[in-house]
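K.L.:
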Amino acid sequence: MKTGDDGHRDSVTHLRSDDGAVIRARLRSLIDAGTLPSKPPTKMFAGPAFINHPCTVCGAGIRPGETEYESDVPTRILRVHRRCYDL
């Protein structure tokens, strides 16, 4: 387990962002574990990343300049790639 930049511990496995079935399975496990909410956030913000962040869903880095989708939920800040957000 490692600690993310938001201070929460994560078991992040870096997944290929083009492997939709694997990412969907990870989404389901994150929801089942309570790490992600079961309902989509009411607000999402999109914009260029200023620093490298791990994607909450796939664990791969969101590089500076790459569009990230961000939302605050009660337990953490979610940061995801466009592809992961679309799933």
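All residue numbers for the sequence shown refer to our numbering, where the first residue is 17 and numbers rise by one. A virtual CB, placed ideally from N, CA and C, is assigned to each residue, including glycine. Everything numeric in this text was worked out from a predicted model, so none of it was measured.
Contact check, T72 vs R98 under 8 Å by CB: the rounded distance?
P.N.:
T72 to R98, Cβ: 13 Å. No contact.
K.L.:
For a test of the three-state rule: what should DSSP assign to R79, helix, strand or coil?
P.N.:
Coil.
K.L.:
Which of helix, strand or coil does DSSP assign to G36?
P.N.:
Of the three classes helix, strand and coil, the one that applies to G36 here is helix, per DSSP.
K.L.:
Among all the DSSP beta bridges, which residues are the ones paired with I93?
P.N.:
DSSP output for I93 lists D88 as bridge partner(s).
K.L.:
Compare the C-alpha of L52 against each of A37, F61, L103 and T91 and name the closest.
P.N.:
If we check each option's Cα against that of L52, T91 comes out closest.
K.L.:
Looking at the strands, I want to know which residues DSSP matches up with A62.
P.N.:
Partner(s): Y85.
K.L.:
So which of K55, Y101, E82 and T58 has the shortest CA-CA distance to N68?
P.N.:
Looking at the Cα atoms, E82 is the closest of the given residues.
K.L.:
If you check the beta carbons only, do L103 and I39 fall under 7 Å apart?
P.N.:
Contact flag set, yes.
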